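**Q** With UniProt numbering applied, the sequence shown corresponds to residues 1 to 177, in that order.
Ideal placement from N, C-alpha and C gives every residue a C-beta, glycine not left out.
These figures come from a predicted structure and were not determined experimentally.
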Amino acid sequence: MKDVNDRGTDWFRGLYALHFPDVVRYGLRRLDGMAAAEELAQEVFLVTWRRRWEVPLPALPWLYGVARRLLANHWRAQRVAPPVAELTERVALDRQDGVVRLMDVRSALGRLSDDDQEILRLVGWEQLSPGEAALVLGCHPTTAKVRLHRARRRLKALLRDRPEQASTITGDLGAVR
1 MKDVNDRGTD WFRGLYALHF PDVVRYGLRR LDGMAAAEEL AQEVFLVTWR
51 RRWEVPLPAL PWLYGVARRL LANHWRAQRV APPVAELTER VALDRQDGVV
101 RLMDVRSALG RLSDDDQEIL RLVGWEQLSP GEAALVLGCH PTTAKVRLHR
151 ARRRLKALLR DRPEQASTIT GDLGAVR
């Protein structure tokens, strides 16, 4: 990306080309279907253009934060809780035991609070560090690390019936960096 003072059309096009697919994937994990995810990404980039002077570098955590707030506003207006993403449709696994394990995770995630689900998704699925997740969540990096630790602990407790999976799955959600 160029100088912060050069936030014209070329800058925006570059940012869009670089991060539009990431924002769509973020939406796919939280919404039903590609059309809804692409619409979310378009709204995110509309906000980005309007607030282009405020976009920090790196921009991706900021973009995820915008997407998160847009989704929260949508769900608040609908008075519905966000749906748990259909993980089994998003990830193709070769072995049947992997599918069963994924279904267990999906079920356990659905029983966690929205805040726990979000921190686990940001670090595990979006591959953000806890510091980057803190930017998305609007909190201090230490707070994000504590939230991540507690969310992992709660997820592991929900998966405790299948101990061979609990350590594997929570390990897949990324170590605190």
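Less than 8 Å between the C-beta atoms of L71 and A108, yes or no?
**A** Not a contact, by the Cβ cut-off of 8 Å.
**Q** Residue range of the alpha helix (DSSP H) that R13 falls in?
**A** Where R13 is concerned, the enclosing alpha helix (DSSP H) stretches over 9-28.
**Q** Could you pull out every residue in the same chain whose Cβ sits closer than 7 Å to the Cβ of R95, ignoring the five residues on either side in sequence?
**A** A caution first: R95 carries a pLDDT of 48, below 50, which makes its placement in the model too unreliable to give a value.
**Q** Between L148 and A35, what straight-line distance do the alpha-carbon atoms span, to the nearest angstrom?
**A** Spanning the two alpha carbons is a distance of roughly 30 Å.
**Q** Since I believe A151 is in contact with P141 (beta carbons under 8 Å), could you give me their beta-carbon distance rounded to a whole number of angstroms?
**A** At roughly 15 Å, the Cβ-Cβ gap does not stay under 8 Å, so P141 and A151 are not in contact.
**Q** Going by beta-carbon coordinates alone, are V136 and L122 separated by less than 8 Å?
**A** Cβ distance < 8 Å, so V136 and L122 count as in contact.
**Q** Measure the C-alpha to C-alpha separation of D32 and Y26 and round it to an integer number of angstroms.
**A** Cα to Cα, D32 sits roughly 12 Å from Y26.
**Q** What is the DSSP secondary structure of Q42, counted as helix, strand or coil?
**A** DSSP places Q42 in helix when its eight states are reduced to three.
**Q** The alpha helix (DSSP H) that contains A151, what's its start and end?
**A** Start and end: 141-158.
**Q** Which of helix, strand or coil does DSSP assign to S107?
**A** The answer is helix: DSSP assigns S107 an H, G or I state.
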